[in-house]
Structures are given as structure tokens and as C-alpha cells.
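Asker:
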């Protein structure tokens with residue numbers, strides 16, 4: 049008795065394995081907030097505040113973001129709320145966010161993705 053193999057099924061399996069590999073390699077495209085040093089975190093924060101102000105000039109969030117980062121150099125720290133924003137922008141860019149979508153809002157804006165570190 050000869051078994052017949054459906055070639056279409058074989059090729060679909062192979063393609064899904066390849067795409068799975070692609071997605072897993074994409075996770076490492078950008079560093080996570082916890083992997084950044086203090087200098088890089090502060091650089092992201094300054095860039096985020098500037099870009100957010102340019103994109104959303106009338107937003108009350110501008111005042112809050114500036115207040116949070118105001119004494120960053122004096123106290124030699126990085127407010128963790130920016131880490132939450134960083135990680136969400138990263139999640140959106142690699143397609144794993146459950147709350148935001150690419151191309152929608154500040155977290156999905158491709159200009160904010162440019163602030164991420166590889």
C-alpha cells in the first residue's frame with residue numbers, strides 16, 4: 049500500500065516555521081528598558097519629551113513629562129514611568145502589544161519607534 053503525501057500541506061508547515069523564526073528574531077531587534085544604561089535611558093527620555101511636545105503641543109501630558117524629568121540629572125536617576133512607555137513602544141513595534149497598534153496614537157507612531165535602542 050502506497051501512502052500519498054499532500055505536498056501543499058508540507059510547504060505550509062515549512063512556511064509557518066520560517067515565519068515563526070522571523071518573529072522570534074524580531075524580539076531582539078530593540079533592547080528592553082532594563083537592558084539600557086542610565087545614559088541611554090536619559091537620552092530616550094529627553095527625545096521622548098521633545099518629540100511628544102512636537103507631535104502633541106496642546107497636550108497636558110507635556111507638563112507632566114517635563115516635571116518628571118526635570119531633576120533627572122541633578123538626582124542622577126531615570127523616572128521609571130518612561131521605562132513603561134519605552135517598553136510599550138517596543139512592544140508595538142514588534143507586534144506583541146495588546147493595548148496599542150502600529151500607526152495609531154503616540155505608542156504606535158513610527159517616529160517614537162526611532163527613539164528605541166538596538
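Numbering (our numbering), first residue to last: 49 to 166. The C-beta atom is built at its ideal place from N, Cα and C for all residues, glycine as well. All values reported here derive from a predicted model rather than from experimental measurement.
Going along the chain, which residues of its own chain have a beta-carbon closer than 6 angstroms to the beta-carbon of residue 81, five neighbours each way excluded?
Answerer: As a position in the chain shown, residue 81 is number 33, starting the count at 1. If we look at residue 81 and ignore the five residues flanking it on each side, its Cβ neighbours are 131, 134 and 135.
Asker: Please go through the same chain and pick out, in chain order, the residues whose beta-carbon is closer than 7 angstroms to the beta-carbon of residue 90, but skip the five residues on each side of it.
Answerer: As a working mapping, residue 90 is identified with position 42 in the chain shown. The residues are 120 and 126.
Asker: Between which residues of its own chain and residue 124 is the CB-CB distance below 8 angstroms, once the five residues before and five after are set aside?
Answerer: In the chain shown, the residue the question calls residue 124 occupies position 76. So the qualifying residues of the chain are 86.
Asker: Once you ignore the five residues that flank residue 88 on each side, which residues in its own chain have a CB closer than 6 angstroms to its CB?
Answerer: Counting from 1 along the chain shown, the entry for residue 88 is found at position 40. Contacts found: 165.
Asker: Compare the Cα-Cα distances from residue 154 to each of 122, 117, 83 and 105 and report the closest residue.
Answerer: Here the question's residue 154 lines up with position 106 in the chain shown. Residue 105 is the option with its Cα nearest to residue 154.
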